[in-house]
Amino acid sequence: MSYYISSADLVEETKNLEEELKDFIKEGFEEDEFDDIERLEELRDVNERGAEMFGLDLWNSGLTLIEEDDFEDYAREYVEDCYNIPDSILCYIDWESFSNDLKQDFQTVEYNGCTYYVRDWYDIHNNILQIWKLLDG
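And the structure:
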């Protein structure tokens, strides 16, 4: 199983850290003394970029961030989970090429020192259907 992150989880963590920071400042401390200030700034940055790319509502609702190193596994898992392709055919699919083609419709977000691919589920489903029709036809 691959490692994915939800944008909604990033938004929630940001809110939690912002509340902790407010409490920290109320106790008389300075913002730059807050242990998680770098983490909070990184989260604010990725949330801002995500909201710019996908819109605030969609980003807050929970898009899936797929780490670059896991993208081929993601593409395979998605096809296997959503489509009833016989095992006798699965072994002939070039997953590396398929995942590289699939990446073309994703946008990337840098977060925590890694590149993540992000796209909303509606567009992913339509893209897979188009590719499946090409394979089938």
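Throughout the sequence shown, residue numbering follows our numbering, covering 100 to 236 in sequence.
The beta carbon of each residue, even a glycine, is placed where N, CA and C say it ideally should be.
Nothing here was measured: the structure is a model prediction, and the numbers come from that model.
query = Hey, V208 and L164 are a contact pair by Cβ (cut 8 Å); roughly how many whole angstroms apart?
reply = 6 Å
ask   = Just to confirm, are D205 and Y216 a CB contact at a threshold of 8 Å?
value = Per the sequence shown, the amino acid found at residue 205 is Phe instead of Asp. Yes, they are a contact pair.
Exposed unless 16 or more other CB atoms sit within 10 angstroms - verdict on N146 = buried
key: Rounded straight-line distance, which links the Cα of G149 to that of K247   = As shown, the chain starts at 100 and ends at 236. That puts residue 247 outside it, with no answer to give.
ask   = Would DSSP call C213 helix, strand or coil?
value = strand
task = Specify, as a first and last residue, the run of the beta strand (DSSP E) that E132 falls within.
result = First-last for E132: undefined, no H or E at that position.
ask   = Is L120 near L142, with beta carbons less than 8 Å apart?
value = no
inquiry  = So for I124, helix, strand or coil by DSSP?
reply    = helix
ask   = Apart from the five residues just before and just after A174, which ones in its own chain have a Cβ nearer than 7 Å to its Cβ?
value = Closer than 7 Å at Cβ, skipping near neighbours: W194, F197, S198 and L201.
query = Around the C-beta of F153, are 16 or more other C-beta atoms found within 10 angstroms, so that it is buried, or is it exposed?
reply = Counting Cβ neighbours within 10 Å, F153 comes out buried, since at least 16 surround it.
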